[in-house]
Amino acid sequence: MKVIADIILHNGTIQTQDDDYPMARAVAISGNRILSIGSDRDILGLASKHTQVMDLGNRLVLPGFTDTHFHFYEWALNYDSIDFSKVLSFKEMEEIVSKKALALGRGNWVLGQGFNESDWPEKKMPDRHALDRIAPNNPVCIWRCDLHLAVANSLGLKLAGIGPTTPDPKDGMIEKDESGHPTGVLRELAGNLIRNVLPKLSRKAVLENMQKAIGDSHGLGLTSIHDIRLMGGLDGADALKAWQTLWQENKLHIRCHVALPGEMTDQAIDLGIFTGFGDDLLRIGYLKFFSDGGMGARTGWMTQKYLDAEYGMPLTPVADIEKAALKADQAGLSVMVHAVGDRANKEVIAMFQRIESKDQTLCKIPHRIDHVQMVLPEDLERLSTLKNMAVSCQPNNLSLDISMIDTCAGPRGKYAYNLKSILKNGIPLMLSSDAPVADPNPLAGIYSAVTRKRMNHTPKKGWYMDQALSVEEAVKAYTITPALVSGTGDQLGSISKDKLADLIVLDQDIFKIDPDRIADTRVDLTLFDGRIVYER
Numbered sequence: 082m083k084v085i086a087d088i089i090l091h092n093g094t095i096q097t098q099d100d101d102y103p104m105a106r107a108v109a110i111s112g113n114r115i116l117s118i119g120s121d122r123d124i125l126g127l128a129s130k131h132t133q134v135m136d137l138g139n140r141l142v143l144p145g146f147t148d149t150h151f152h153f154y155e156w157a158l159n160y161d162s163i164d165f166s167k168v169l170s171f172k173e174m175e176e177i178v179s180k181k182a183l184a185l186g187r188g189n190w191v192l193g194q195g196f197n198e199s200d201w202p203e204k205k206m207p208d209r210h211a212l213d214r215i216a217p218n219n220p221v222c223i224w225r226c227d228l229h230l231a232v233a234n235s236l237g238l239k240l241a242g243i244g245p246t247t248p249d250p251k252d253g254m255i256e257k258d259e260s261g262h263p264t265g266v267l268r269e270l271a272g273n274l275i276r277n278v279l280p281k282l283s284r285k286a287v288l289e290n291m292q293k294a295i296g297d298s299h300g301l302g303l304t305s306i307h308d309i310r311l312m313g314g315l316d317g318a319d320a321l322k323a324w325q326t327l328w329q330e331n332k333l334h335i336r337c338h339v340a341l342p343g344e345m346t347d348q349a350i351d352l353g354i355f356t357g358f359g360d361d362l363l364r365i366g367y368l369k370f371f372s373d374g375g376m377g378a379r380t381g382w383m384t385q386k387y388l389d390a391e392y393g394m395p396l397t398p399v400a401d402i403e404k405a406a407l408k409a410d411q412a413g414l415s416v417m418v419h420a421v422g423d424r425a426n427k428e429v430i431a432m433f434q435r436i437e438s439k440d441q442t443l444c445k446i447p448h449r450i451d452h453v454q455m456v457l458p459e460d461l462e463r464l465s466t467l468k469n470m471a472v473s474c475q476p477n478n479l480s481l482d483i484s485m486i487d488t489c490a491g492p493r494g495k496y497a498y499n500l501k502s503i504l505k506n507g508i509p510l511m512l513s514s515d516a517p518v519a520d521p522n523p524l525a526g527i528y529s530a531v532t533r534k535r536m537n538h539t540p541k542k543g544w545y546m547d548q549a550l551s552v553e554e555a556v557k558a559y560t561i562t563p564a565l566v567s568g569t570g571d572q573l574g575s576i577s578k579d580k581l582a583d584l585i586v587l588d589q590d591i592f593k594i595d596p597d598r599i600a601d602t603r604v605d606l607t608l609f610d611g612r613i614v615y616e617r
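In this note's numbering, the protein residues as written are 82 to 617.
Set out below in structure tokens:
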């Protein structure tokens, strides 16, 4: 019996990411699967009077994008807070916070995230005094773009119980002035002292925000994500419950691997769950650990001093991570380790060498290191010898970090975002956004990986261009590589016969246009699970 297509896209430029059939003109979809790919003539022959036939006008078609490091639950929780990612100066920050405080009314929390003082003309870090001036009657807390540093005003500090005698929490630092009073700057887990006293969203509001966020993700061409935990594990159980609720209510319209906090290692093992457990919509992802902080907060752990600070700081001791990772490895739970500074990467790679030398893994999904922001060549060579490893890097962060890294690392910035060297060493490379740290738009990530420029197209010739990727390499790192690494390569990652029908149509051919225009490319159409979920 002849199978008839439900949807046919034809007259397109289809880059399949399938090495056996790399290019096609048309694709037919039946149910939630790709029925066939091929020429216009062959595929149009699968149509009936009930088939939805769409002429693409030669537009580019790609598999749906996967973001392998997205703090999605956190993104959804803060959907109504201030987005500082496009704020261009300290003065503009002050104006926006002041307006938000007036709009919310006296006594209500003013929250925001995404400021990047290293790109402001003033090069000035906010403190409690600045926030007190602009919002004296509201508690305020704003997070830097890397989420490793927060700044609160006096009222916010008071509500969190932070004063001159408050000790630094574990894995955090309360910055204090010469007189011993808090400046308002909270590094690493010190920011959780604020999070702990913030008003909680209702369960209903959280789920509604997640659905809004999923819809917005479709407009960016995202059909799969890895939802990653923040340090401290505060959101672990709540995030998993929320994803399960969406799945149960048939409202989960994005494929999600849910990471668990490393603090839940023993509970996860006792429950008998393992990485990859689940179905085509919802799976258990990785156990997440933190070896260090971030370079913007000067808490990324370095082999040499920052030009304007000390060596940064290890967070969870590597010995503790190794102990938990060994147990997880034996239980089929893959681990992901946040490593930013070159010392952190050196120590974490050595840790995985020791784990792999035991040759007893039960993990079908490779372990991974996330960020690998600054890494020395000899450590990449060591990483390349490991059989069960992958990395996830964030080119969107690169465009935010150029000024900051030039300031704090100088010429050693040549070791930052070494994407090309990772590929040359044969290490599976996945690209991602780290949103809400950076823009979740994968096309912005491809632009950054290819041009190594800020979003305003500076520096004109790019930044350490020997580490730039080709468009082809960047697209693979958002499509087929995440699928293969995550154990879903037989179902996702390419436009291939019988695979799940997740694909996108773009308004420009990013393989042919000037790379400076890639970030301006728009998604015209997103199909998820065989259904049109977004049309521009």
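Positions of the beta carbon are idealized from the N, C-alpha and C atoms, including for glycine.
Rounded to whole angstroms, what's the CA-CA distance from residue i to residue j? Just pull it up for me.
i: Gln-324; j: Leu-363; result: The question names Gln, yet the displayed sequence has Trp at residue 324. If you take the alpha carbons of Trp-324 and Leu-363, they lie about 8 angstroms apart.
i: Gly-491; j: Ile-483; result: 10 angstroms
i: Leu-288; j: Leu-274; result: 25 angstroms
i: Gly-244; j: Val-518; result: 28 angstroms
i: Arg-379; j: Thr-246; result: 24 angstroms
i: Arg-310; j: Asp-590; result: 34 angstroms
i: Ile-335; j: Gly-261; result: 48 angstroms
i: Met-254; j: Gly-93; result: 54 angstroms
i: Ala-340; j: Ala-471; result: 16 angstroms
i: Ala-241; j: Gly-186; result: 20 angstroms
i: Ser-552; j: Gly-413; result: Residue identity differs from the one stated: residue 552 is Val in this sequence, not Ser. C-alpha separation (whole angstroms): 34 angstroms.
i: Phe-609; j: Arg-617; result: 15 angstroms
i: Asp-121; j: Val-108; result: 8 angstroms
i: Asp-487; j: Asp-389; result: 11 angstroms
i: His-299; j: Leu-333; result: 12 angstroms
i: Thr-569; j: Leu-584; result: 15 angstroms
i: Thr-264; j: Gly-112; result: 58 angstroms
i: Phe-371; j: Thr-397; result: 6 angstroms
For residue i, name the three-state secondary structure that DSSP assigns.
i: Ser-465; result: helix
i: Cys-226; result: coil
i: Tyr-496; result: helix
i: Asp-87; result: coil
i: Gln-475; result: coil
i: Ser-480; result: helix
i: Ile-306; result: strand
i: Phe-433; result: helix
i: Tyr-387; result: coil
i: Lys-322; result: helix
i: Thr-607; result: strand
i: Ile-255; result: strand
i: Ser-542; result: For the record, residue 542 in the displayed sequence is Lys; it is not Ser. Note: Lys-542 maps to coil in three-state DSSP.
i: Ile-402; result: helix
i: Glu-203; result: coil
i: Ile-32; result: Any question about residue 32 goes unanswered here, given that the chain covers just 82 to 617.
i: Gly-491; result: helix
i: His-334; result: coil
i: Met-485; result: helix
i: Gln-454; result: coil
i: His-448; result: strand
i: Val-518; result: coil
i: Tyr-559; result: helix
i: Arg-598; result: helix
i: Leu-396; result: coil
Can you give me the Cβ contacts of residue i inside the same chain, cut-off strictly under 8 angstroms, excluding the 5 residues immediately before and after it?
i: Gln-98; result: Leu-143, Pro-144, Val-556, Lys-557, Thr-560, Ile-561, Gly-574, Ser-575, Ile-576
i: Asp-571; result: Lys-580
i: Trp-328; result: Leu-362, Leu-363
i: Gly-381; result: Asp-373, Gly-374, Gly-375, Gly-393, Val-421, Gly-422, Ala-425, Gln-454, Met-455
i: Lys-386; result: Tyr-392
i: Ile-89; result: Ala-107, Val-108, Ala-109, Ile-110, Ile-124, Leu-125, Leu-127, Ala-128, Thr-132, Gln-133, Val-134, Met-135
Looking at the unbroken beta strand (DSSP E) that takes in residue i, where does it start and where does it end?
i: Glu-259; result: Neither: Glu-259 is in no beta strand (DSSP E) and is coded neither H nor E.
i: Ala-420; result: 416-420
i: Ile-585; result: 584-587
Excluding sequence positions up to five away, which residues of its chain have a Cβ less than 6 angstroms from the Cβ of residue i?
i: Lys-541; result: none
i: Leu-228; result: Val-518
Can you tell me where the alpha helix (DSSP H) holding residue i begins and where it ends?
i: Met-291; result: 284-300
i: Val-531; result: 523-532
i: Lys-578; result: Unbroken run through Lys-578: none, as it is neither H nor E.
i: Gly-242; result: Unbroken run through Gly-242: none, as it is neither H nor E.
Among residues of its own chain, excluding the 5 on either side of residue i, which ones have a beta-carbon nearer than 7 angstroms to its beta-carbon?
i: His-538; result: Asp-597
i: Phe-433; result: His-448, Leu-467, Met-470
i: Ala-86; result: Ala-109, Ile-110, Ser-111, Leu-116, Leu-127, Ala-128, Thr-132
i: Leu-279; result: Trp-190
i: Ser-162; result: Leu-192, Gly-193, Gln-194
- prompt: What are the uninterrupted segments assigned as beta strand (DSSP E) that are 3 or more residues long and contained completely in the segment 93-124, given in chain order?
  reply: If we require 3 residues or more, the beta strand (DSSP E) runs fully inside the segment 93-124 come out as 94-96, 107-111, 114-119.
query: At what residue ranges does the segment 150-201 contain a whole run of the alpha helix (DSSP H), taking only runs of 4 or more?
result: Those alpha helix (DSSP H) runs which fall completely within the segment 150-201 and span 4+ residues are 153-158, 171-185.
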